[in-house]
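Colleague:
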Amino acid sequence: ASNKLLLFPGDGIGPEIMEEVKKVISWLSENGEDTFEYEEGLVGGSAYDVHGCAISEEDMVKAQAADAVIFGAVGGPKWDDVPYDVRPEAGLLRLRKDLGLFANLRPAICYPALADASSLKKDIIEGLDILIVRELTGGVYFGEPKEIIELGNGQKRGIDTQVYDSYEIERIAGVAFDLARTRGNKVCSMEKRNVMKSGVLWNEVVTSTHKADYADVELEHMLADAGGMQLVRWPKQFDVIVTDNLFGDMLSDVAAMLTGSLGMLPSASLGATDETTGKRKALYEPVHGSAPDIAGAGAANPIAMIASFAMALRYSFQKIAEADMLEKAISNALDKGLRTKDIAQQGEATITTAQMGDAIVAELNAL
Ligand code: NAI
Ligand code: MG
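Rendered as structure tokens:
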């Protein structure tokens, strides 16, 4: 079978790291059972320069038709002053919204070779492998009313509204439980039911979803603030964490930093599964941005981008063996001491973006 990818390199280091993913895609097409076809689209500043908007309608149509969207990064000082609705991030937000990507998956994995280099105690992070599932399209970032009003006495009031409907909680819980079954079979749900009505509902719906369809999975509830503390104190107690948009934004950034550089962190954003085709919309991207400070220097770490593609193999194409292989290849390259600048310790030799990509392909060949 052939699998259709749409690549959006984007801006800054985006195109540089996407080149390295293309090497992996070619390798898989030549050495695997299936082939991968890809097309490329423009997003962010690079789309603005050509089309005057952050993503064209044509590319949106292609994104809808693709089996998976692979996204680099957008933004940079060149576009700091473009109008708000066509700013680079608008391209990513449009993709998330139109593809209905409600589940954001952020793994925090500690590669053995980097455990020593961490500023944290080695026993806390060695072997760490957790997955944060963040609700991405609801909650306080989108709830109405959302405004700043004049109170008339020289004071103003800023208002954001946390809103969750039960269907939104049920579907994100379902994603978390399904994922847990493929891993450690354990979910921890985090909210603040002690002070938030949406937290009470969150807790209720996660509990009833568990009871109805996922009683085989171990479920635990934690208040999100206590969860943050536990995440730093003893992260290995967790397997899958499911939480709302706001808490997930913060907790996933905290979890990310347990394991090291921004250049190492992949993510996936998933939509609903189409009942007739069995396919689900999905976008895979590194957690980091376009790193304008190092763009063009060959200094970018391509691992976050390549590991994001490994997530695409796992979650969009059910190519579990290939995803495992690719992750193993990354790990082996690190074991050999290969380091881009961002993950090198003082005095360690460094390699370029392209050399890291080549090294990972060489490790694939050696497996
Ligand atoms: P950033 O993630 O681009 O960079 C932060 C720091 O990490 C920089 O020093 C950068 O050199 C380093 N870094 C990031 N990725 C790296 C990699 N793969 N290898 C080595 N070093 C890496 O965040 P920053 O500087 O706040 O934002 C830069 C631009 O990116 C802005 O225009 C921002 O709006 C945009 N951005 C885009 C995102 C996206 O496309 N999803 C996400 C975050 C920021
Ligand atoms: Mg964040």
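Residue numbers (the UniProt record's numbering): 2 to 368.
Heads up, the beta-carbon is just placed ideally off N, CA and C, and yes, glycines get one too.
Treat the numbers as computed from the prediction; the structure is a model and nothing was measured.
Comparing alpha-carbon positions, which option in W28, V70, A324 and A256 lies nearest V44?
Modeller: As a first step, residue 44 is located in the sequence shown; it is residue number 43 there, counting from the start. Checking every option, the nearest Cα to that of V44 belongs to V70.
Colleague: Measuring CA to CA, which of T208, Y215 and N366 is closest to A181?
Modeller: As a first step, residue 181 is located in the sequence shown; it is residue number 180 there, counting from the start. Answer by Cα proximity: Y215.
Colleague: Please indicate yes or no: does the CB of I18 lie closer than 7 Å to some heavy atom of the ligand NAI?
Modeller: In the sequence shown, the residue the question calls residue 18 occupies position 17. Yes, the beta carbon of I18 sits closer than 7 Å to at least one heavy atom of the ligand NAI.
Colleague: The alpha helix (DSSP H) with L29 in it runs from where to where?
Modeller: Position 28 of the sequence shown, counted from the start, is the residue given in the question as residue 29. Per DSSP, L29 belongs to the alpha helix (DSSP H) from G15 to N32.
Colleague: Taking 7 Å as the cut-off, is the CB of D294 close to at least one heavy atom of the ligand NAI?
Modeller: Residue numbering aside, residue 294 sits at position 293 when the sequence shown is read from its first letter. Correct: D294 has its Cβ closer than 7 Å to the ligand NAI.
Colleague: Determine the direct distance from the alpha carbon of D245 to that of N186, and round the result to whole angstroms.
Modeller: Position 185 of the sequence shown, counted from the start, is the residue given in the question as residue 186. Position 244 of the sequence shown, counted from the start, is the residue given in the question as residue 245. C-alpha separation (whole angstroms): 20 Å.
Colleague: Is it right to say G15 is buried, meaning 16 or more other beta carbons lie within 10 angstroms of its own, or is it exposed?
Modeller: Here residue 15 is taken as the residue at index 14 of the sequence shown, counted from 1. That one is buried.
Colleague: Please report the distance separating the alpha-carbon of A330 from that of P108.
Modeller: The residue given as residue 330 occupies position 329 in the sequence shown. The residue given as residue 108 occupies position 107 in the sequence shown. Rounded to the nearest angstrom, the two C-alpha atoms are 17 Å apart.
Colleague: When you measure from the CB of A74 to every non-hydrogen atom of the ligand NAI, does any distance come out below 7 Å?
Modeller: Mapped onto the sequence shown, residue 74 falls at position 73. Checking every heavy atom of the ligand NAI against the Cβ of A74, one is found closer than 7 Å.
Colleague: Taking just the CA atoms, how far does M191 sit from F239?
Modeller: On the sequence shown, position 238 is the one that residue 239 refers to. On the sequence shown, position 190 is the one that residue 191 refers to. Between F239 and M191, the C-alpha separation is close to 12 Å.
Colleague: Name the residue from L29, M265 and V62 whose alpha carbon lies nearest to the alpha carbon of G42.
Modeller: The sequence position of residue 42 within the sequence shown is 41, counting from 1. Answer by Cα proximity: V62.
Colleague: Within 10 angstroms of its Cβ, does K280 collect 16 or more other Cβ (buried), or is it exposed?
Modeller: Position 279 of the sequence shown, counted from the start, is the residue given in the question as residue 280. Looking at its Cβ environment, which holds fewer than 16 other Cβ atoms inside 10 Å, K280 is exposed.
Colleague: Given a threshold of 16 other Cβ atoms within 10 Å of its Cβ, counted over all protein chains shown, does P267 qualify as buried or as exposed?
Modeller: The residue given as residue 267 occupies position 266 in the sequence shown. So P267 counts as buried.
Colleague: What are the partner residues of G140, as DSSP defines its beta bridges?
Modeller: As a working mapping, residue 140 is identified with position 139 in the sequence shown. For G140, which the question treats as bridged, DSSP gives no partner whatsoever.
Colleague: Taking 6 Å as the limit between beta carbons, can you name the residues of its chain near A345, skipping five residues before and five after?
Modeller: Residue mapping note: residue 345 aligns to position 344 of the sequence shown, counting from 1. The residues are T351.
Colleague: Among residues of its own chain, excluding the 5 on either side of S47, which ones have a beta-carbon nearer than 7 Å to its beta-carbon?
Modeller: Counted from its first residue, the sequence shown places residue 47 at position 46. Result list for S47: G11 and D12, in chain order.
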